[in-house]
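Accompanying notes for the structure given below.
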Amino acid sequence: MTTASLSGELRDLYTEESARIQQQFAASGDGRSAVQQRTRLIETIALRLWQKSLSPDPSGPAGFALVALGGFGRGWLFPHSDVDILFLHAGSDSDAAYRDAIRVFSQNMWDLHLKVSPATRALAECDHIDAANVEFTISLLDCRYLAGDRTLFDRLHDKVIPKLVMREAQTLVQSLADLARARHAKYGNTVFHLEPNVKDGPGGLRDYNVACWLSLISAIDKLHDWPDDKALLSVSTRKQFESALDFLMSVRCFLHLRQGRDDNLLLWESQDEAAARKIGAQDLDVTDAASWMRLYFGQARSVHRVCAQLLEEIPAAWSSLYRQFQNWRSRVSNADFSVVDGLIYLQQPHALHDPEMLLRLFHFMATHGLRLSTTTEYRIEQVLPSLAATPPRGAELWLYLGEIFVQPHAADALRSMHALKLLTLLLPELMAIDALVVRDFYHRFTVDEHSFVAIESLHRLQQSQSEWDRRYAELLSELERPELLYLSLLLHDVGKGTPKVNHVDASLEIAQRCMDRLDLDPSERETVLFLIANHLEISFTLRRDIFDPETIRVFAEKMETPERLKMLTLLTYADIKAVNPDALTPWKAENVFQLYIAAFNYLNHSVDERLRADAEDTHLAQIRTLVPTAGKKLKTFLEGFPKRYLATYSATDVLAHMEMAGRLGSDPIQLLLERGRHWFELTLVTHDRPALFAAVTGVLAAWGMNIVKANAFSNQAGTVVDAFYFTDRFRTLELNLQEWERFKRSIIGVLTGEIDLDRLLRDRLRAEKPGSAKIKVDTKIEFDDSCSSRSTLVQVIAQDCPGLLHRIGSCLSEEKCNIEIALIDTEGQVAIDVFYLTSNGEKLRPEHQKRVENALRESLLSD
Amino acid sequence: MTKIEAIIQTSKLDAVKDALHEIGVEGMTVLEVRGHGRQKGHTEFYRGREYTVELIPKLKLEIVVPDGIVEKAVQAIVASARTGQIGDGKIFLTKMSDAIRIRNDERGEGAL
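Chain order of the listed sequences is D and X. Under the numbering used here, the letters of the first sequence match residues 1 to 863, in that order. Under the numbering used here, the letters of the second sequence match residues 1001 to 1112, in that order.
Structure below.
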């Protein structure tokens, strides 16, 4: 037969058989069968060409062999896959002898439009790793004899490859791991792409290959021979893999046939068609593209999970540096969890039946950035059914979740909880967004993954070197209740899982149910609902002129307090950043921050507008609802407080203050001391008196407390509500419960004149060693008469130091200034204190301002 | 064919887009840019630090239109982006020699 007639015959064979395979796939959807049949077809063609071009005897000539590599070797030829073949020869001369034949062979394959990738190597050349082409050595792991000298192939298969693998196991595994990690990084290390790549994306077919290769290298290294295929992976892993492999093979076949090329991107149009044809899901209940994609993500997630575990587990993968790092991490082991090679194991597996232990496990993971071992994951899966009967809920669950949220690796812990179906067991509200694809041109990830990426973005701020990230990191470190922000991020898009047109309204409804489950208190709920309700507000405002004061006023008044403004700014940052890696351009980051600054300044410089207790206001309405019988009492208490007071405190707080004010007749100094996550909070309700602020700040300084924030408000009746947030530098209150009462008594003593504050302060300051400032802060004192109709604002920026606020307060008191409002903040070593001052009920005159400034300067610079 | 490059206020994008759609201009490229003309920077004080925005955020629209509707497109942009204040932006026009639709090699105004 001439070469031309053979080509014609092979073309006919290829065309007919390809069409038959395609028809069969269209009818059965069986991808595994399709790739096997196609592999056999290409084998037949290769063998015919071999006989024509090289040797009529399929097992000849001597010293030359045709070997299938890579996907062809594995028997996985998808409709448009590359066909990797190796012309293996015994020595340097045989290459030249068969050069023309190899050219004819390859040419004929190409003429059939097969994408042949031929390689020609001497046996000896297969004996070492080419650093520039590690992929070739990896493809040898799937080598399969096709034609030619069988003995030569056996030498490659039985001797050369096992020896090479044993000698270079560590290099091979390291290269594989590097390639896999780089590939995963390219896809954002997540399976959950709206339009995933079913071959190269995390959880794709390549991950399956990596898992098999890693296991194979490990087995050859151990056995010094090729292992039995069945011994490669554990039974449970193989079981998981087989189902995923069937599904992914069908999907890739479908994509190749649909696109007519080696295109592995599962685009939206393909998803619609795959769902309609139930590709890989013939016997399953698939109603639409979203439910079909959930199947895809489920399979891809299990492949990715196994691949990631193997990448961690196989010892040969570790460089000595990595090994040292893992050994260092093992030191965090404790009585409950042991850490081996970066994986968490349970010290007492039966203890996992206790839900608290389960939550502590994920807290441990979120704190230390470790992975769960396969055994631990298995144990968790075993206890979930019993946990499902009585899942933990209420304040205790919220306490644990809140603690997990604020840990640096919270996103990974949440992902792991989600993958194990624990997260949706604890918060079934998240079920609606599990692997949910919502199509738009901007988002890259599924809705659940978007929320995890958003949480991760905030935690990564601390490590970022970017100028903008550092600014946002500062805001994050100042939050009083960061866990509320993280909960809001987790829930902000849950409404996308409902058919409602407005996802924000739906998210609010679902978040309410979720917060009922977690038993959040009213003020916590209010914050979370505020953040979810307004999570698009900054993006909306950025489409307005943010240099227009009116835009800023409208926006800032919606925010109500600087704390909420900070939280919403951070939520917006994280939300945009999680859309896709390029969504938060420096342009947007700067605009968001610019809006934050302008609104922050507005809130701090326009806060003393007085409240009218009978005004129509949502906060007032809420308070009235809580105590419908307190009408007149409430009105008297609220009348004349600045509006900022209501924005600062929740309805519950306001009622508590009113109760305290009600007891002033019998006990003129009401104190409430509480311990928060970051600091202690002291609330003082009393009648206004001269130097009150200076006295309280003095007592706090005398006890060695570091005031980080404070608010001071007074109403028309002269009732003062001051709150001081402080850290306990010497852990006096933290370690001695009995000191709480003594602390409160000393405040009362100073305010009633029974204790000499100066003496207290002298004792403390004598004991203080002067600390050295890490950064030098220049003292700035600025007056502003324009931002309030009734007060003069003075802003003092100074180096934070013990007793600073007392000195400022004393100075203002000596200069006959009445503090209407105080807004105290600390940023690192910088104290930023804003006071709204009056003198005899009026603004400070210019000469009075000058005197106050001089006095402050003298006092603050006296050291 | 003429390329119209319009620097506009960020807040005017929706209005300009709507105005261009109304006269039949469907496609456009929008770029996030910073710059200033006579409208110099903007200074805020934040926690004692001066925070100066020297280059104001703007949006740049790029559209290529058939010569017959250049004036209409310009007027649509001007009318929808104008506030009368400094900082409204600018429009630049450049003649284009050809346009090619990558998908099907179509050329000239048909490719727009």
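Even for Gly, the Cβ is constructed at its ideal location relative to N, Cα and C. Just so we're clear, the structure is a prediction, and the values are computed from it rather than from any experiment.
Next on the checklist: I'd like the list of long-range same chain contacts for A316 (chain D), defined as Cβ closer than 6 Å, with 5 residues on each side in sequence excluded.
Outcome noted: The predicted position of A316 (chain D) is uncertain, since its pLDDT is 42 and thus under 50; a value taken from the coordinates is nonetheless stated next. Hits under 6 Å: A169, Q170, V173.
Checklist entry - What three-state label does DSSP hand N580 (chain D) in the structure shown? => result coil
Item to check | Spatial distance of I669 (chain D) from H806 (chain D) (CA atoms) | outcome: Between I669 (chain D) and H806 (chain D), the C-alpha separation is close to 19 Å.
Next on the checklist: Less than 7 Å between CB atoms is the rule here; does N715 (chain D) satisfy it with respect to chain X?
Outcome noted: Not one chain X Cβ lies under 7 Å of N715 (chain D).
Checklist entry - Looking at the C-beta of S1011 (chain X), does it have a partner C-beta in chain D at a distance below 7 Å? => result yes
Item to check | Whole-angstrom C-beta distance between T1002 (chain X) and V1078 (chain X), which should lie under 8 Å | outcome: The Cβ separation is near 15 Å, so there is no contact.
Checklist entry - Name the chain X residues that come within less than 8 Å of W587 (chain D), Cβ to Cβ? => result E1032, V1033, R1034, P1057
Checklist entry - Whose CA, out of D:V504, D:T541, D:L426, lies closest to the CA of M515 (chain D)? => result D:L426
Next on the checklist: For a test of the three-state rule: what should DSSP assign to S714 (chain D), helix, strand or coil?
Outcome noted: strand
Item to check | Integer-rounded CB distance, given that G280 (chain D) should sit under 8 Å from V235 (chain D) | outcome: About 23 Å separates the two Cβ atoms, so there is no contact after all.
Checklist entry - Is V1033 (chain X) closer than 7 Å to T1058 (chain X) when the C-beta atoms are compared? => result Correcting the residue type first, residue 1058 (chain X) is Lys in the shown sequence and not Thr. Yes, these two residues count as a Cβ contact at 7 Å.
Checklist entry - Mind checking S1011 (chain X): buried by the 16 CB within 10 Å criterion, or exposed? => result buried
Checklist entry - Just the Cα atoms here: how many angstroms apart are V796 (chain D) and R845 (chain D)? => result 18 Å
Next on the checklist: For D582 (chain D), would you say it is in contact with chain X, using Cβ-to-Cβ distances shorter than 7 Å as the test?
Outcome noted: no
Checklist entry - Taking Cβ positions, are V198 (chain D) and L257 (chain D) nearer each other than 7 Å? => result The answer is no: Cβ separation not under 7 Å.
Checklist entry - Relative to chain X, which residues along the segment 142 to 160 of chain D have a C-beta separation below 9 Å, given in chain order? => result Correct list: empty, as no residue qualifies.
Next on the checklist: According to DSSP, simplified to helix, strand and coil, what is I1086 (chain X)?
Outcome noted: coil
Checklist entry - Can you give the Cα-Cα distance for A274 (chain D) and N264 (chain D), rounded to whole angstroms? => result 13 Å
Next on the checklist: Give me the subset of the segment 538 to 570 of chain D whose CB atoms are less than 9 Å from a CB atom of chain X, sorted by chain position.
Outcome noted: Here the close residues are L542, R543, R544, D545, I546, F547, D548, T551.
Checklist entry - Could one say the Cβ of N591 (chain D) lies closer than 7 Å to chain X's Cβ atoms, at least one of them? => result yes
Next on the checklist: According to DSSP, V1065 (chain X) sits in a beta bridge with which residue or residues?
Outcome noted: X:T1002
Checklist entry - Considering only residues of the segment 73 to 117 of chain D, which uninterrupted alpha helix (DSSP H) runs meet the minimum length of 4 residues and lie entirely inside it, listed in chain order? => result 92 to 97, 99 to 111
Item to check | First and last residue of the uninterrupted alpha helix (DSSP H) at V1025 (chain X) | outcome: Premise fails: V1025 (chain X) is in no alpha helix (DSSP H) and is neither H nor E.
Checklist entry - the segment 1001 to 1030 of chain X: which residues have C-beta closer than 8 Å to a C-beta of chain D, in chain order? => result Q1009, T1010, S1011, L1013, D1014
Item to check | Segments of 4+ residues assigned as alpha helix (DSSP H) that fall wholly inside the segment 119 to 143 of chain D | outcome: 134 to 140
Checklist entry - Quick one, which of D:R155, D:K115, D:D100 has its alpha-carbon nearest E125 (chain D)'s? => result D:R155
Item to check | For T561 (chain D) and Y472 (chain D), the rounded distance between their alpha carbons | outcome: 18 Å
Checklist entry - Would you call R395 (chain D) buried or exposed, if buried means 16 or more other Cβ atoms sit within 10 Å of its Cβ? => result One point to set straight first is that residue 395 (chain D) is Ala, not Arg, in the sequence displayed. When all chains shown are included, A395 (chain D) counts as exposed.
Item to check | Nonlocal neighbours in the same chain, by C-beta distance under 7 Å from Q716 (chain D), ignoring five residues either side | outcome: E639, G640
Checklist entry - What span of residues does the alpha helix (DSSP H) with H678 (chain D) cover, start to end? => result For H678 (chain D), no alpha helix (DSSP H) run applies, since DSSP gives it neither H nor E.
Next on the checklist: Excluding the 5 residues flanking V165 (chain D) on each side, which residues of the same chain have their C-beta closer than 7 Å to its C-beta?
Outcome noted: L172, I217, I220, D221
Checklist entry - Looking at F693 (chain D) and A712 (chain D), is the spacing between their C-beta atoms short of 7 Å? => result In this structure, A712 (chain D) lies near F693 (chain D), with their beta-carbon atoms less than 7 Å apart.
Next on the checklist: Applying the 10 Å Cβ sphere with the 16-neighbour rule, what's the burial state of S791 (chain D)?
Outcome noted: buried
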